[in-house]
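Read in this note's numbering, the sequence shown has 59 at position 23, and its numbers run on one by one without any break.
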Amino acid sequence: MYIDSNIFIFAAIDKGGLGQNCREIIKLINEKKITCAASYLVVDEVIWILKKEYWKR
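Listed below in structure tokens is the structure:
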């Protein structure tokens, strides 16, 4: 499975159901219950979006 940057972004930012679902996916990956792949561009995009989001605050 390919994992997109939105999984990480929503896990960090969204406090509702969508964020919870994303955190659950990350937990399953961490527990090695599912495997995935991601591009290095995913990491770059996550950092860029989170910096932008937290600088607003």
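All C-beta atoms, glycine included, are put in the ideal place defined by N, C-alpha and C.
This one's a predicted model, so the numbers in the text were calculated from it and none came from an experiment.
Three-state secondary structure (DSSP) of residue i
{"i": "alanine 74", "result": "coil"}
Member of the options whose CA lies at the smallest distance from the CA of residue i
{"i": "alanine 47", "options": "Ile39, Gln56 and Met37", "result": "Gln56"}
{"i": "isoleucine 39", "options": "Ser75, Glu81, Lys88 and Glu89", "result": "Ser75"}
Cβ pair residue i, residue j closer than 8 Å
{"i": "isoleucine 65", "j": "cysteine 72", "result": "yes"}
Burial state of residue i, where buried means 16 or more other Cβ atoms lie within 10 Å
{"i": "isoleucine 70", "result": "exposed"}
Any C-beta of chain D under 8 Å from that of residue i
{"i": "methionine 37", "result": "Of the chains in the structure shown, none is chain D; there is only one protein chain."}
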